[in-house]
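Numbering-wise, the sequence shown is residues 2 to 146 according to our numbering. Note that CB positions come from ideal geometry on N, CA and C, so glycine has one too. What follows is a short report on a single structure.
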Amino acid sequence: MILSIMVMMGLGMIALNSLQQQLSAGLALTSHQHRYAIAWENAASSLSWGISERWKLTAQTKWQCQALTSGILAVGSGRTCVRPSLREDVFVVRGEGRVSEGGEPVTIYQQVSAQIQADGSLIFFPLRQGWLDFCPEGDEQFCDD
Numbered sequence: 002m003i004l005s006i007m008v009m010m011g012l013g014m015i016a017l018n019s020l021q022q023q024l025s026a027g028l029a030l031t032s033h034q035h036r037y038a039i040a041w042e043n044a045a046s047s048l049s050w051g052i053s054e055r056w057k058l059t060a061q062t063k064w065q066c067q068a069l070t071s072g073i074l075a076v077g078s079g080r081t082c083v084r085p086s087l088r089e090d091v092f093v094v095r096g097e098g099r100v101s102e103g104g105e106p107v108t109i110y111q112q113v114s115a116q117i118q119a120d121g122s123l124i125f126f127p128l129r130q131g132w133l134d135f136c137p138e139g140d141e142q143f144c145d146d
């Protein structure tokens, strides 16, 4: 009788242990997906903010970047970068979002046309079907910092 109770308790412990491992794995996955969703929203907010901002026209062909001001994002950080495209009269705007400092950024891109204002600043107009979640240029080095 005692032996059968010990076997039942052992089987119960094995079942509870496997259930606990399954729940821990599910919690880790959910946490990771939640952080990714926040980083994605930060990147989308950064991209939208960057397109609506005025940028200075420079002769440089490197990325010009601005961090989002505090108060725009509730959690994490965002940054917007602009660079002339390899195509004529087209610019590439990059939105980056992070959940924590040092974390891997989520990056999205928008191809835009620009209008030069009298004060030398640029106003952007998104191109139709110009939104991408990967670098829009054929050259891999183009989107690297």
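Please specify which runs of the beta strand (DSSP E), each continuous and at least 3 residues long, are wholly inside the stretch 53 to 117, giving them in chain order.
65 to 68, 78 to 85, 92 to 99, 107 to 117
Is there contact here, the stretch 61 to 69 with the stretch 106 to 118, by at least three beta-carbon pairs under 8 Å?
no
Enumerate in chain order the residues of its own chain whose CB-to-CB distance from Leu133 is below 6 Å, with the five nearest sequence positions on each side excluded.
Here the set comprises Tyr110.
Would you list the residues sitting across from Trp50 in a DSSP beta bridge?
Trp50 pairs with nothing; no bridge assigned.
For the beta strand (DSSP E) that Gly121 lies in, which residues bound it at each end?
Gly121 -> no beta strand (DSSP E), and no H or E assigned at all.
Asp90 beta carbon less than 8 Å from that of Ser122:
no
Are the CB atoms of Arg99 and Cys82 nearer to each other than 8 Å?
no
According to the Cβ coordinates, are Pro106 and Ile52 closer than 8 Å?
Pairing Pro106 with Ile52 gives a Cβ-Cβ distance that is not under 8 Å.
Span separating the alpha-carbon of Gly79 from that of Cys144
17 Å
Bridge partner(s) assigned by DSSP for Trp41:
Its beta-bridge partners do not exist; DSSP assigns none.
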